[in-house]
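Asker: Taken in sequence, the protein lines are chains P and X. Counting with this note's numbering, you get residues 505 to 658 for the letters of the first sequence. Counting with this note's numbering, you get residues 505 to 658 for the letters of the second sequence.
There are 2 protein chains.
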Amino acid sequence: MRSLKITLPQRNTRQRDVILQELCRLTSHPTATDLYDIVRRRLPRISLGTVYRNLDQLAEAGMIRRLEAGGGQARFDGNIEPHHHVRCIHCGRVGDVHDVPTLPGAGDVAAADGYEIISCRVEFLGVCPECREEPASGGGRDRVDRGGRMSRDG
Amino acid sequence: MRSLKITLPQRNTRQRDVILQELCRLTSHPTATDLYDIVRRRLPRISLGTVYRNLDQLAEAGMIRRLEAGGGQARFDGNIEPHHHVRCIHCGRVGDVHDVPTLPGAGDVAAADGYEIISCRVEFLGVCPECREEPASGGGRDRVDRGGRMSRDG
DNA sequence: GTTATTGCAAAGAATTTGCATAATC
DNA sequence: GATTATGCAAATTCTTTGCAATAAC
Chain P
505 MRSLKITLPQ RNTRQRDVIL QELCRLTSHP TATDLYDIVR RRLPRISLGT VYRNLDQLAE
565 AGMIRRLEAG GGQARFDGNI EPHHHVRCIH CGRVGDVHDV PTLPGAGDVA AADGYEIISC
625 RVEFLGVCPE CREEPASGGG RDRVDRGGRM SRDG
Chain X
505 MRSLKITLPQ RNTRQRDVIL QELCRLTSHP TATDLYDIVR RRLPRISLGT VYRNLDQLAE
565 AGMIRRLEAG GGQARFDGNI EPHHHVRCIH CGRVGDVHDV PTLPGAGDVA AADGYEIISC
625 RVEFLGVCPE CREEPASGGG RDRVDRGGRM SRDG
């Protein structure tokens, strides 16, 4: 078994610091460009490339989670506690879900296929509270992660 | 609640027919370009755009599943029976997993967030049998869906 | 002072789209 | 024959990368 290489950042930069701070402050699972817009309020000269690079590094170091919620843009989560997500098929918003039965975890082997399982992610598709009332409008909360494509997945 | 619009294809074309046939024949969860290469053996003049368009339509009509396995390219599955997937973090291969505990399903409301749940997908990350023996080589089976980016997700 | 990291801009990969042509109903 | 679907190519979108300048150690 090859070990997964974990590349830790080697220098502390203000850019990475602000990116991590802002991501951890949010519960909205922003995309890279969402975060770019937010971080730019504090670091107007930061580039989108730097945001991507740092999000990669932080995810690889296990300090944040990358969601790839399905539907194009990756989303990021500053909360690394084990939990799952629910994505609104109307407005694209992503919420947290904690009460999910325990699923096979690290070390288990999926009998039928012989895969050694390392981790698992669950994504629910549903309709968020706002879209349940006011379909497809996107609502009016102070969130940064509205928009995003609707799923066409089953 | 707005109803989800389902756009059924309105005419039967040989292209769509072959795409569906070939996808249902495979258990390898091919990407759009994988399938393009396969279908082209029977329809040499088909275009990649047509493959994308038809995969979209078929997924929207519920005749196939779109996986968006996380990590770039979407993958497609001709098997629409409820089941979940496991993706090899070394070679990118995607397998099926059937024995997963029942999770909240259609109609349930995720208490903590108020989302109405419509469906759910579970993706395991793991190491496939071949990569467990011979790390990261990609093995030598007759599959079309080798390759694909490694996950950096937790 | 050395070297990782940045900003910028250009490249890349995956997917979508406009439009004339071809095929289905 | 009317209109949908195709093939082709260009456009979009999201992400990555090369490189000189900058900042961290």
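All C-beta atoms in this analysis are idealised placements derived from N, C-alpha and C, irrespective of residue type, glycine included.
Confirm, please, whether the CB-CB distance from VAL590(X) to GLY630(X) is below 8 Å.
Answerer: Counting from one through the second sequence, the residue named residue 630(X) turns up at place 126. Counting from one through the second sequence, the residue named residue 590(X) turns up at place 86. It is a contact, given that the beta carbons lie within the stated cut-off.
Asker: SER623(P) CB to nearest chain X CB: under 8 Å?
Answerer: Position 119 of the first sequence, counting from 1, holds the residue named residue 623(P). Yes, SER623(P) lies at the interface with chain X (some Cβ there is under 8 Å from its Cβ).
Asker: Between the stretch 562-581 of chain P and the stretch 517-528 of chain P, do at least 3 Cβ pairs fall closer than 8 Å?
Answerer: Verdict: yes, contact present.
Asker: Compute the Euclidean distance between the alpha carbons of LEU527(X) and ILE568(X), then round it to the nearest angstrom.
Answerer: Numbered from its first residue, the second sequence carries residue 527(X) at position 23. Numbered from its first residue, the second sequence carries residue 568(X) at position 64. Each residue's alpha carbon lies about 8 Å from the other.
Asker: Quick check: is the beta carbon of GLY553(P) nearer than 8 Å to any beta carbon in chain X?
Answerer: Taking the first sequence and counting its residues from 1, the one referred to as residue 553(P) is at position 49. Judged by the 8 Å Cβ criterion, GLY553(P) is not in contact with chain X.
Asker: With distances taken between CB atoms, is the gap from VAL598(P) to PHE628(P) smaller than 8 Å?
Answerer: Position 94 of the first sequence, counting from 1, holds the residue named residue 598(P). Position 124 of the first sequence, counting from 1, holds the residue named residue 628(P). Their beta carbons are not under 8 Å apart, which means VAL598(P) does not touch PHE628(P) by this criterion.
Asker: The beta strand (DSSP E) spanning ARG591(P) covers which residue range?
Answerer: Walking along the first sequence from the start, residue 591(P) turns up at place 87. Where ARG591(P) is concerned, the enclosing beta strand (DSSP E) stretches over 588-592.
Asker: For ASP617(X), which option in HIS588(P), ALA610(P) and ARG625(P) has the closest C-alpha, if you only look at C-alpha atoms?
Answerer: Within the second sequence, the letter at position 113 stands for residue 617(X). That would be HIS588(P), whose Cα lies nearest to the Cα of ASP617(X).
Asker: Between which two residues does the beta strand (DSSP E) carrying ARG545(X) extend?
Answerer: Within the second sequence, numbered from 1, the residue matching residue 545(X) stands at position 41. Neither: ARG545(X) is in no beta strand (DSSP E) and is coded neither H nor E.
Asker: Closer than 8 Å, CB to CB, is GLY618(P) near chain X or not?
Answerer: Here residue 618(P) refers to the residue found at position 114 of the first sequence. Cβ-Cβ to chain X under 8 Å: yes for GLY618(P).
Asker: Given a threshold of 16 other Cβ atoms within 10 Å of its Cβ, counted over all protein chains shown, does SER532(X) qualify as buried or as exposed?
Answerer: Counting from 1 along the second sequence, the entry for residue 532(X) is found at position 28. With 16 or more Cβ atoms within 10 Å of its Cβ, SER532(X) is classed as buried.
Asker: Compare the C-beta of ARG647(X) against all C-beta atoms of chain P and say whether one is closer than 8 Å.
Answerer: Taking the first residue of the second sequence as 1, we reach residue 647(X) at position 143. The pLDDT assigned to ARG647(X) is 38, lower than 50, so where the model puts this residue is not dependable; a value taken from the coordinates is nonetheless given after this. Answer no: the Cβ-Cβ gap between ARG647(X) and chain P never drops below 8 Å.
Asker: Counting only C-beta atoms, is ARG520(P) closer than 8 Å to chain X at any point?
Answerer: Along the first sequence, one-based indexing puts residue 520(P) at 16. No, no contact with chain X.
Asker: Taking 7 Å as the limit between beta carbons, can you name the residues of its chain near ASP581(P), skipping five residues before and five after?
Answerer: Here residue 581(P) is taken as the residue at index 77 of the first sequence, counted from 1. Excluding sequence neighbours, ASP581(P) sits near HIS533, ILE568, ARG569 and LEU571.
Asker: Is any beta-carbon of chain P found at less than 8 Å from that of ARG557(X)?
Answerer: Taking the second sequence and counting its residues from 1, one reaches residue 557(X) at position 53. Chain P, which has no Cβ nearer than 8 Å to the Cβ of ARG557(X), makes this no.
Asker: Tell me, please, whether the CB atom of LEU524(X) is closer than 8 Å to any CB atom in chain P?
Answerer: Counted from its first residue, the second sequence places residue 524(X) at position 20. By this cut-off, LEU524(X) is not an interface position.
Asker: Excluding sequence positions up to five away, which residues of its chain have a Cβ less than 8 Å from the Cβ of ARG529(X)?
Answerer: Along the second sequence, read from residue 1 onward, the residue named residue 529(X) stands at position 25. Around ARG529(X): GLY582.
Asker: In this structure, what does DSSP give as the bridge partners for THR535(X)?
Answerer: By one-based count along the second sequence, residue 535(X) stands at place 31. For THR535(X), which the question treats as bridged, DSSP gives the partners ARG579(X).
Asker: In the DSSP assignment, the alpha helix (DSSP H) including GLU526(P) goes from what residue to what residue?
Answerer: Here residue 526(P) refers to the residue found at position 22 of the first sequence. 518-529 is the span of the alpha helix (DSSP H), which, as asked, contains GLU526(P).
Asker: List the residues of chain X that CYS595(P) touches, going by C-beta distances under 7 Å, in chain order.
Answerer: Taking the first sequence and counting its residues from 1, one reaches residue 595(P) at position 91. Simply none; closest approach about 11 Å.
Asker: Beta-carbon of CYS632(P) versus every beta-carbon of chain X: anything under 8 Å?
Answerer: Along the first sequence, read from residue 1 onward, the residue named residue 632(P) stands at position 128. Yes, CYS632(P) lies at the interface with chain X (some Cβ there is under 8 Å from its Cβ).
Asker: Measuring alpha carbon to alpha carbon, tell me which of LEU512(P), CYS595(P) and VAL626(P) ends up nearest THR606(P).
Answerer: Sequence index remark: in the first sequence, residue 606(P) carries index 102 (1-based). Of the candidates LEU512(P), CYS595(P) and VAL626(P), the one whose C-alpha sits nearest the C-alpha of THR606(P) is VAL626(P).
Asker: So, using beta-carbon positions, are THR537(P) and ALA578(P) closer together than 8 Å?
Answerer: Looking up residue 537(P) in the first sequence gives position 33. Looking up residue 578(P) in the first sequence gives position 74. No.
Asker: Decide if GLY553(X) is buried, meaning its Cβ has at least 16 other Cβ atoms within 10 Å, or exposed.
Answerer: Along the second sequence, read from residue 1 onward, the residue named residue 553(X) stands at position 49. GLY553(X) should be labelled exposed.
Asker: Let me make sure I understand the geometry here. Which of ILE621(P), ILE584(P), GLY576(P) and ARG549(P) has the alpha-carbon closest to that of LEU524(P)?
Answerer: As a first step, residue 524(P) must be located in the first sequence, where it is residue number 20. Measuring from the Cα of LEU524(P), the nearest candidate turns out to be ILE584(P).
Asker: Take CYS632(P) and list the residues in its own chain whose beta-carbon comes closer than 6 Å to its own, dropping the five residues that flank it on each side.
Answerer: Counting from 1 along the first sequence, the entry for residue 632(P) is found at position 128. Correct list, in chain order: CYS592 and ARG597.
Asker: Given the structure, does GLY599(P) come close to the ligand NAD, in the sense that its CB is under 7 Å from one of the ligand's heavy atoms?
Answerer: Looking for the ligand NAD in the displayed structure turns up nothing, as the structure carries no ligands at all.
Asker: Please decide whether GLY599(X) counts as near chain P, where near means a Cβ-Cβ distance under 8 Å.
Answerer: Residue numbering aside, residue 599(X) sits at position 95 when the second sequence is read from its first letter. True, the Cβ-Cβ gap to chain P drops below 8 Å.
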